[in-house]
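**Q** Below is a structure I'd like to ask you about.
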Amino acid sequence: MDLTERKKRILRAIIESYIQSAEPVGSKAIAASIDMEVSSATIRNEMADLEAMGLLEKPHTSAGRIPSPKGYRLYVNELMEEHKLSLQETQRINQALAMRMRELDRVLDQAGRVVSQLTNYPSFALSSGLSRMTIRRFDLLMVERNAFIIVVMTDTDIVRNRLIRLPSDLTEAQLQMLNTLLNTTFTGLTLEEITPELMRVAQHAAGEAYGLISLVVSFAMEVLESLEQRTVHTSGLAHLLELPEYRSLERAQPLMSYLSEEADPARFPVPKDDPMKILIGPENVADALKDTSVVVASYDIGDGMQGVIGVVGPTRMDYAKITARLSYLAEGLSRLFGQGELPQGRDDEK
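With my numbering applied, the sequence shown corresponds to residues 110 to 459, in that order.
Set out below in structure tokens:
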């Protein structure tokens, strides 16, 4: 769409004013906020043209204008200036990532929380199905007579355990033999690679303790199978009620239900060709998101797998700040899972 430089400046000023105030913007306010030697009447005419182009809308109860979804899209694509993260913002993100080290599910929960706190919008984080995940280590620990704890750790440092009881005792030598057998036979294998034939070989090697081998490996397979499913971590749903657009519970309830912890991961958009994706208003497929904007960034887990972290809020969200924060956090997650490192502070941080 071809716009004169003056129309672009006026549109940008209206959008940025509305992002901050959530109030319709009039020509006098624009005349006072931008350095242009034009009258309020001229600005009104330009605003009328922008409305005719579908970039602005006029609420029935106000003489001012508000951006339309089409206007926001033009702003995001052409007019938005890059936001420079402050040192405080980057430190807060780095601290959140460092707190949980490399435990995938806990990192995602913490990352979602810090995004919600930094943006004051609900956030979501999800990982793709981890179909290539493997078990890194088995530990079979005796806690009392006939009672044992099975501990399995995945190659992404997710740890799961289960208490089991056996009808007969195991000697220390048998316990050590089983731990060695489990770690030499089944570590580094995906779920598909743990075959019935491999199980039979291990059971034969275990001798009288063959039943315990079955219990431990079956538990490990349950862990891997559960982690193949995409999981959603949501945070900050209460922030919706602090926004003018959602102070009515009737207005907020459908969106809060959509973003609940039981939400289906398939409902959430995933960037495919770009690391960042912005969906504005009717660009969202789900009815509950038609009046919202969704901003998502992808991060690499490793082995070609990706996850997503994003926020949901009103269409008047501050896109420049949101995209900068999500981009930095996604970069941090990618480096954390890929190399165990956090992103370095940028030279332009102040």
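Backbone N, C-alpha and C define an ideal beta-carbon position, used for all residues, glycine too. All of these numbers come straight from a predicted model, not from anything done at the bench.
Based on DSSP bridge pairs, tell me the residues matched to Glu166.
**A** Ile175
**Q** Classify Met210 as helix, strand or coil using the three-state DSSP reduction.
**A** Residue placement at Met210 is flagged as unreliable, the pLDDT there being 49, under the threshold of 50; a coordinate-derived value is accordingly withheld.
**Q** Just mark Val487 as buried or exposed, buried being the case when its beta carbon has 16 or more other beta carbons within 10 Å.
**A** Shown here, the chain extends from 110 to 459; a query on residue 487 therefore has no answer.
**Q** One question on the structure: do Leu183 and Leu164 come within less than 9 Å of each other, judged by their Cβ atoms?
**A** yes
**Q** Considering just the uninterrupted stretch of the alpha helix (DSSP H) at Ser126, what are its terminal residues?
**A** In the DSSP annotation of this structure, the continuous segment of the alpha helix (DSSP H) that includes Ser126 starts and ends at 114 to 130.
**Q** For the beta strand (DSSP E) holding Leu272, just list the boundary residues, first then last.
**A** From DSSP, the beta strand (DSSP E) with Leu272 extends over 268 to 274.
**Q** Does the structure place the segment 122 to 136 close enough to the segment 169 to 189 that three or more beta carbon pairs sit under 8 Å?
**A** The segment 169 to 189 and the segment 122 to 136 touch, with no fewer than 3 CB-CB distances between them shorter than 8 Å.
**Q** Where Gly316 and Leu336 are concerned, what is the direct C-alpha to C-alpha distance, given to the nearest angstrom?
**A** 31 Å
**Q** Which first and last residues belong to the beta strand (DSSP E) in which Glu253 is found?
**A** 244 to 253
**Q** Suppose you measure from the CA of Ala439 to the CA of Met242; what does that come to, to the nearest Å?
**A** 21 Å
**Q** When you compare each of Asn154, Ala329, Leu398 to Glu354 by their alpha carbons, which one comes out closest?
**A** For Glu354, the nearest C-alpha among the options comes from Leu398.
**Q** Roughly how many angstroms lie between the CA atoms of Gln478 and Ile322, to the nearest whole one?
**A** Because the chain in this structure spans residues 110 to 459, residue 478 falls outside the shown range and cannot be described.
**Q** Specify the secondary structure class of Met189 as computed by DSSP and reduced to three states.
**A** coil
**Q** If I measure Cβ to Cβ from Ile431 and keep anything under 7 Å in the same chain, skipping five residues before and after, which residues do I get?
**A** Thr228, Val404, Val420
**Q** Taking buried to mean at least 16 other C-beta atoms within 10 Å of its own C-beta, is Gln204 buried or exposed?
**A** exposed
**Q** Going by CA-CA distance only, name the one from Ile418, Gln415, Ile389, Tyr437 that's closest to Met426.
**A** Ile389
**Q** Determine which residues share a DSSP beta bridge with Met426 and list them.
**A** Beta-bridge pairing links Met426 to no other residue.
**Q** Do the CB positions of Leu350 and Arg356 come within less than 9 Å of each other?
**A** With a cutoff of 9 Å on beta-carbon distance, Leu350 and Arg356 are scored as near each other.
**Q** Can you grab the Cα-Cα spacing for the pair Thr124 / Val341, in whole Å?
**A** Per the sequence shown, residue 124 should be read as Ile rather than Thr. Distance between the alpha carbons of Ile124 and Val341 is about 32 Å.
**Q** Are there 16 or more other CB atoms within 10 angstroms of the CB of Met110, so buried, or fewer, so exposed?
**A** exposed
**Q** By the 10 Å Cβ neighbour count, where 16 or more other Cβ atoms means buried, how is Ile258 classified, buried or exposed?
**A** Counting the other Cβ atoms within 10 Å of the Cβ of Ile258 gives fewer than 16, which makes it exposed.
**Q** Tell me the rounded alpha-carbon separation between Thr265 and Leu300.
**A** 15 Å
**Q** Where does Leu445 land, buried or exposed, given buried means 16+ other C-beta within 10 angstroms?
**A** buried
**Q** Would you say Glu230 and Thr424 are within 9 Å of each other, going by their C-beta atoms?
**A** The sequence given here places Tyr at residue 230; Glu does not occur at that position. Their beta carbons are not under 9 Å apart, which means Tyr230 does not touch Thr424 by this criterion.
**Q** Under DSSP, the beta strand (DSSP E) around Val341 begins and ends at which residues?
**A** 341 to 344
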